[in-house]
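Just below is one structure, and these are the notes that go with it.
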Amino acid sequence: MSPQVAGLLQLTALIAALALAYRPLGDYMARVYSSEKNYRPEKWIYKAIGANPATEMRWPAYLRGVLAFSAVSVLFLYLMQRVQGSLPGSLGFSSIDPDQAFNTAASFVANTNWQSYYGEQAMGHVVQTGGLAVQNFLSAAVGMAVAVALVRGFARSRTGALGNFWADLVRGTVRILLPISVIGAIVLVACGAIQNFSGIHQVGQFMGGTQEWNGGAVASQEVIKELGTNGGGYFNANSAHPFENPNPLSNLFEIFLILLIPFALTRTFGRMVGSLKQGYAILGAMAVIWIGFTALMMWTEFAHRGPAFEIAGGAMEGKETRFGIAGSSMFAVATTLTSTGAVNSFHSSYTGFGGGITMLGMQLGEIAPGGVGSGLYGMLIMAIIAVFIAGLMVGRTPEYLGKKIGTRQIKLAACYILVTPALVLGFTAVAMALPTPADSMTNSGAHGFSEILYAYTSGANNNGSAFAGLNADTQWFNTTIGIAMLLGRFLPMVFVLALAGSLAEQKPVPETAGTLRTDKPLYAGLLVGTILIITGLTYFPALALGPLAEGLAS
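Residues in the sequence shown are numbered consecutively from 4, following the working numbering.
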């Protein structure tokens, strides 16, 4: 069987698995966020934090809950790293430096999981499991809560109430993320991923010297890092490491976990707004982009140019032989079209165009299907922009799901789509203009520029993957990427929740013959076109200086 046919079969199996899980999981999540019942463990949590889950919140209160909880999380994770040397189970590792501790705390709380350190050489068991793994659950639950609040904004009328943040946070963690993670961890252990609290031990000779590895609760952290679209690796090699991702079966399962909740949330959206067809339209737009990017990546990496590529069967540099080009390409597209950032190959070693595809996936806003929660609310913002453009073309006040899209709504949506490009392009320009950051580049020319562009694209879009040639463990990059991660995560949430509040206050507009049908394939096509055009106009000059120039020169 040729590698291309094997890749097509893997992609078909992945689509089939996602299709089977789509309906039951989507409906289940809709019930979770619509239920008035609280389970006993949830009541204990509410009592411990002093929250009343029955209290409805307007958008400012909901936002204060998001920001306050995230600020405390950053502080807690920062302090854990700073005192690591005094904690039990630290494996003898010292405390983390202030700039790196800030970067890591901001990274994991912002659902980015950017790592400027070697996991197996820096973090002990307590920080890994009690700090980083916990934030993998909580940051994902925060994203889901904000998405559900926006959905309620569309579904409700004549009220500013968007639900209760604390209830949404707890339910997302306890009822959705934890059960799937337990099952997923068992599957990964069965596939060969490790799960222990072993100390550092020698595993053999390596290049004339001894090689040492430590164990860890890897399978449990691996499953939530993929399921919650977090991406931080227990080991520096991330999901290319055999302890995290042992074989092709575990690789396909991890890709499935990455895409599972983001795709299923479109069903949740359709169920909560009372129109499954609206959810299918959003799903269709996401699926078209994802399949298109996957096919383009496979074609780019399988293309034979020169004797070395022909002998290897494609661009195998930086890829694990146990996954091959197809498994690596599918993983790379899934992790950059979502906010996961996990890698089973090294994106810096992809072809020029292949590296550009990973960057473009993030620059779209990671909305196809995007991060857990953030993908859905990002796509709904783009849906509002698409409706507005359609309204301009026919001279009609735009409407979406029975809500008028007026000046306030468009301003909030415009602010949302401008935040991330401003962070990415602004920080990239400053880094290239200053002398010191450029010293961190391993490569010069177009690829060196791509390293820095990728770093800020990844940080501001809360992805966390990297072009590995960049030395980001410096005060400049730790600080600026940390700032980009926090602003890129929480500033858009401000606009999303403000938009949700303004929509919830509106009276529904009755549908007429002139209303744009947003549940039809024509609208889904308009939505895809809007996304590609906005991204292309924003990032094309930067991409032309980096991956496009490199690809054309190769």
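We put the beta carbon where it would ideally sit given N, CA and C, even for glycine.
Smallest Cα separation from T341: which of I264, R411, N347?
Taking the first residue of the sequence shown as position 1, residue 341 is located at position 338. Of the candidates I264, R411, N347, the one whose C-alpha sits nearest the C-alpha of T341 is I264.
According to the Cβ coordinates, are N248 and Y121 closer than 8 Å?
As a working mapping, residue 248 is identified with position 245 in the sequence shown. As a working mapping, residue 121 is identified with position 118 in the sequence shown. Not closer than 8 Å, so no.
In the DSSP assignment, find the alpha helix (DSSP H) that holds F305 and state where it starts and stops.
On the sequence shown, position 302 is the one that residue 305 refers to. F305 -> alpha helix (DSSP H) spans 279–305.
Out of G29, T162, S160, W169, which one is the CA nearest neighbour of R67?
By 1-based counting over the sequence shown, the position of residue 67 is 64. It is W169 whose Cα lies nearest to the Cα of R67.
Taking DSSP as the reference, what is the three-state secondary structure of N217?
In the sequence shown, counting from the first residue as 1, residue 217 sits at position 214. Assignment of N217 by DSSP, reduced to helix, strand and coil, places it in the strand class.
Would G234 pass as a contact of S468 if the rule is Cβ separation under 8 Å?
Indexing the sequence shown from 1 puts residue 234 at position 231. Indexing the sequence shown from 1 puts residue 468 at position 465. Yes, Cβ-Cβ distance for G234 and S468 is below 8 Å.
Touching or not, the segment 111–128 and the segment 147–166, by the rule of three or more beta carbon pairs under 8 Å?
At 8 Å Cβ cutoff, the stretches do not touch.
Secondary structure, alpha helix (DSSP H): runs of 4+ residues fully inside the segment 59–90
Within the segment 59–90, the complete alpha helix (DSSP H) runs of at least 4 residues are 62–85.
For M4, which three-state DSSP category applies?
Taking the first residue of the sequence shown as 1, we reach residue 4 at position 1. Three-state result, M4: coil.
Whole-Å CB distance - L255 paired with Q13, under 8 Å assumed:
Your numbering for residue 255 matches position 252 in the sequence shown. Your numbering for residue 13 matches position 10 in the sequence shown. Distance from L255 to Q13 at the Cβ level is roughly 6 Å; contact confirmed, criterion being Cβ atoms closer than 8 Å.
State the beta-bridge partners of I384 as determined by DSSP.
Counting from one through the sequence shown, the residue named residue 384 turns up at place 381. Answer is none; I384 lacks a bridge partner.
Beta-ladder partner(s) of M444, from DSSP
For the purposes of this step, residue 444 is identified with residue 441 of the sequence shown, where counting begins at 1. M444 pairs with L473.
Just checking V497 against the ligand SAH - is the residue's beta carbon closer than 7 Å to any of the ligand's heavy atoms?
The ligand SAH is not part of the structure shown, which contains no ligands of any sort.
What separation, rounded to the nearest whole angstrom, lies between the Cα atoms of G355 and G472?
As a working mapping, residue 355 is identified with position 352 in the sequence shown. As a working mapping, residue 472 is identified with position 469 in the sequence shown. Cα to Cα, the separation comes out at about 14 Å.
Specify, as a first and last residue, the run of the alpha helix (DSSP H) that V346 falls within.
Looking up residue 346 in the sequence shown gives position 343. From DSSP, V346 is part of no alpha helix (DSSP H); its letter is neither H nor E.
Would you mind reading off the limits of the alpha helix (DSSP H) that contains D171?
The count along the sequence shown starts at 1 and reaches residue 171 at position 168. Run containing D171: 168–174, per the alpha helix (DSSP H) assignment.
Mind checking which residues open and close the alpha helix (DSSP H) that includes D102?
Here the question's residue 102 lines up with position 99 in the sequence shown. It spans 101–112 - the alpha helix (DSSP H) in which D102 sits, taken as one unbroken run.
Taking DSSP's pairing of strands, which residues face R204 in a bridge?
For the purposes of this step, residue 204 is taken as residue 201 along the sequence shown, with counting starting at 1. It is worth fixing the name first, because residue 204 is His in this sequence and not Arg. Answer is W216.
Status (buried if at least 16 other CB within 10 Å, exposed otherwise) for I534
Along the sequence shown, read from residue 1 onward, the residue named residue 534 stands at position 531. Under this definition I534 is a buried residue.
In this structure, how does DSSP classify Y25 when only helix, strand and coil are distinguished?
The count along the sequence shown starts at 1 and reaches residue 25 at position 22. Y25: helix per DSSP, three-state reduction.
Quick check: L165 and W62, are their CB atoms within less than 8 Å of each other?
Walking along the sequence shown from the start, residue 165 turns up at place 162. Walking along the sequence shown from the start, residue 62 turns up at place 59. A contact, by the Cβ cut-off of 8 Å.
Leaving aside the five residues before and after V336 along the sequence, list all residues of the same chain whose C-beta is less than 8 Å from its C-beta, in chain order.
Counting from 1 along the sequence shown, the entry for residue 336 is found at position 333. The beta carbon of V336 sits closer than 8 Å to those of W293, F296, T297, M300, I360, T361, G364, all from its chain and outside the five residues before and after it, given in chain order.
Note the first and the last residue of the continuous alpha helix (DSSP H) segment covering A436.
In the sequence shown, counting from the first residue as 1, residue 436 sits at position 433. In this chain, the alpha helix (DSSP H) harbouring A436 covers 410–436.
With DSSP collapsed to three states, give me the class of A196.
Position 193 of the sequence shown, counted from the start, is the residue given in the question as residue 196. Looking at A196 - three-state DSSP - the assignment turns out to be coil, as it is neither helix nor strand.
Who are E454's beta bridge partners in DSSP?
Residue numbering aside, residue 454 sits at position 451 when the sequence shown is read from its first letter. Bridge pairing for E454: absent [DSSP].
For A164, which three-state DSSP category applies?
Position 161 of the sequence shown holds residue 164. Looking at A164 - three-state DSSP - the assignment turns out to be strand.
Residues that DSSP places opposite K407 in a beta bridge:
Position 404 of the sequence shown, counted from the start, is the residue given in the question as residue 407. Within the DSSP secondary-structure output, K407 pairs in a beta bridge with E402.
Beta-carbon proximity check, D476 vs Q103, cutoff 8 Å:
Your numbering for residue 476 matches position 473 in the sequence shown. Your numbering for residue 103 matches position 100 in the sequence shown. Remark: C-beta atoms of D476 and Q103 approach each other more closely than 8 Å.
Bridge partner(s) assigned by DSSP for K322:
Sequence index remark: in the sequence shown, residue 322 carries index 319 (1-based). Bridge partners of K322 according to DSSP: S348.
Put P513 into one of helix, strand or coil per three-state DSSP.
If you number the sequence shown from 1, residue 513 lands on position 510. Here P513 sits in coil by DSSP.
Cβ contact check for the segment 506–524 and the segment 452–468: 3 or more pairs under 8 Å:
Cβ pair count under 8 Å is below three, so no.
Reducing DSSP to helix, strand and coil, say where G394 ends up.
As a working note, residue 394 is residue 391 in the sequence shown. Helix at G394.
Among the residues of its own chain, which have a CB less than 6 Å from the CB of T483, if the five just before and after it don't count?
Position 480 of the sequence shown, counted from the start, is the residue given in the question as residue 483. Spatial neighbours of T483 in its own chain (CB-CB distance under 6 Å, excluding positions within 5 residues in sequence) are listed in chain order as F430.
A318, buried or exposed, once every other Cβ within 10 Å from all chains shown has been counted against 16:
Along the sequence shown, one-based indexing puts residue 318 at 315. With 16 or more Cβ atoms within 10 Å of its Cβ, A318 is classed as buried.
With a 10 Å radius around its C-beta and 16 neighbouring C-beta atoms as the bar for buried, classify E304 as buried or exposed.
Locating residue 304 in the sequence shown gives position 301, where the first residue counts as 1. By the 10 Å Cβ count, E304 comes out buried.
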